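Following: one structure in structure tokens, then a few remarks.
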DNA sequence: TATTCGTGGGC
DNA sequence: TGCCCAAGAAT
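Residue numbers (the working numbering): 42 to 422.
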């Protein structure tokens with residue numbers, strides 16, 4: 042039969058793969074026990090979709106609930122200080138999302154929410170995926186979403202062998218979705234496709250027996266579903282060793298706020314930096330305090346070592362108790378410095394690795410009176 | 001087009 | 001246990 046098509050059409054014609062009806066039936070069944078309730082309120086959809094960028098639903102849920110209590114509408118968000126916004130985002134990662142959300146809320150405060158994908162995409166922090174998701178769910182616009190789930194599901198359904206990033210694969214996926222997305226419930230179709238990817242069409246060991254469109258799946262029919270989409274080899278990530286100082290002055294410790302652009306932008310941290318080759322951690326911390334806050338310190342005993350992994354490198358944070366010697370703390374390499382009582386650190390937003398240092402700091406046993414102990418012990422690697 | 005942006009969970 | 005992956009966007 043296929044040969045007839047090829048004879049009649051010189052260019053290979055894409056066969057229809059009518060997935061919408063079985064997919065939507067399946068979605069309505071599983072939607073009953075979704076762990077979350079989707080509204081069509083633009084603000085709620087917007088917030089949740091931004092939180093869901095590169096982040097799984099189970100991670101997002103508690104953040105989303107807390108967020109909607111603290112910032113119930115766009116006006117509340119627009120009027121909040123960035124520090125409070127980052128505190129609400131603390132631990133969720135990719136902090137530019139929070140800064141963009143905040144900035145977009147201020148742009149929107151007096152206006153109306155966008156009503157089309159094109160208009161949503163002009164807001165900071167909203168790209169092709171998020172704009173399409175909001176427009177289809179909140180505004181009922183017939184636009185398909187393309188995220189990691191959709192790419193995987195469609196690559197298997199159509200047996201796309203080219204890497205997803207290739208323009209050929211992109212075109213094929215686009216054409217397929219444009220054709221199959223129903224006009225009546227585009228948002229349900231999009232969510233169904235993503236939900237299928239999340240719970241059935243898994244990256245490894247897909248559960249084809251539970252799949253509502255398994256009989257339409259060319260990858261499955263050919264038995265190559267496990268190998269699709271084609272993976273691209275990952276680069277190995279660098280590793281850094283970092284020295285960090287918990288610098289005491291009386292009953293307070295010094296924290297610095299990171300510049301708003303870049304990694305962990307706008308969050309607070311204990312000053313420190315990468316250890317240079319053949320440098321002791323004591324020297325690293327001493328040098329970094331000089332460079333970052335213009336202060337002379339004395340390094341004491343190690344508090345804790347925290348391994349941590351970011352998206353594109355890994356670190357080991359070696360945290361040392363220190364004592365202030367001379368010089369007032371200045372914000373030389375950051376946006377601000379502050380002396381804080383340990384119990385008040387909870388008010389500020391810290392990256393997760395620094396949270397682990399704080400945790401160690403607040404454990405009763407870990408709080409030696411630094412004035413007595415630190416002279417005797419010296420910091421080594 | 002390629003890199004830089006976090007973190008948690010699964011196996 | 002070290003990888004892999006995740007409802008991507010900005011630059």
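Heads up, the beta-carbon is just placed ideally off N, CA and C, and yes, glycines get one too. Since we're looking at a predicted model, the values are computed, not measured.
Checklist entry - What three-state label does DSSP hand residue 355 in the structure shown? => result strand
Next on the checklist: Please report the straight-line C-alpha distance between residue 245 and residue 267, rounded to a whole angstrom.
Outcome noted: 6 Å
Next on the checklist: Here's the rule: buried if 16 or more other CB atoms are within 10 angstroms of the residue's CB, otherwise exposed. What is residue 138?
Outcome noted: With 16 or more neighbouring CB atoms inside 10 Å of its own CB, residue 138 falls in the buried class.
Checklist entry - Taking C-beta to C-beta, are residue 213 and residue 61 nearer than 7 Å? => result no
Item to check | Nearest residue (CA-CA) to residue 63, options 256, 144, 239 | outcome: 256
Next on the checklist: If distances are taken between C-alpha atoms only, which option among 130, 274, 175, 81 comes closest to residue 90?
Outcome noted: Considering only alpha carbons, the answer is 175.
Item to check | Per-residue DSSP class, three states only, for residue 63 | outcome: helix
Checklist entry - Does the distance from the CB of residue 366 to the CB of residue 398 come in under 7 Å? => result no
Checklist entry - For residue 346, which three-state DSSP category applies? => result Here residue 346 sits in strand by DSSP.
Checklist entry - How big is the Cα-Cα spacing for residue 334 and residue 124? => result 21 Å
Item to check | Buried versus exposed, by CB contacts within 10 Å (16 or more), residue 48 | outcome: Because the pLDDT of residue 48 is 38, which lies under 50, any placement of that residue in the model is unreliable, and the question is left without a value.
Checklist entry - For residue 201, which of helix, strand or coil comes out of DSSP? => result Three-state DSSP puts residue 201 in coil, outside helix and strand.
Checklist entry - Near residue 201, what residues of its chain come up, given a Cβ to Cβ distance below 8 Å and the 5 sequence neighbours on each side ignored? => result 195, 210, 213, 214, 269, 270
Next on the checklist: Are the CB atoms of residue 285 and residue 311 within a distance shorter than 7 Å?
Outcome noted: yes
Checklist entry - Can you name the residues that DSSP bridges to residue 290? => result 293
Next on the checklist: Relative to the C-alpha of residue 207, which candidate in 272, 120, 146, 180 has its C-alpha closest?
Outcome noted: 272
Next on the checklist: Using C-beta distances below 6 Å, list every residue in its chain close to residue 353, excluding the 5 sequence neighbours before and after it, in chain order.
Outcome noted: 278
Item to check | Same chain only: Cβ atoms within 7 Å of residue 259, ignoring 5 sequence neighbours per side | outcome: 198, 199, 200
Checklist entry - If we ignore side chains and look at the alpha-carbon of each, how far apart do residue 402 and residue 344 end up? => result 7 Å
Item to check | Where the alpha helix (DSSP H) containing residue 108 begins and where it ends | outcome: Bounds of the alpha helix (DSSP H) holding residue 108 are 98-111.
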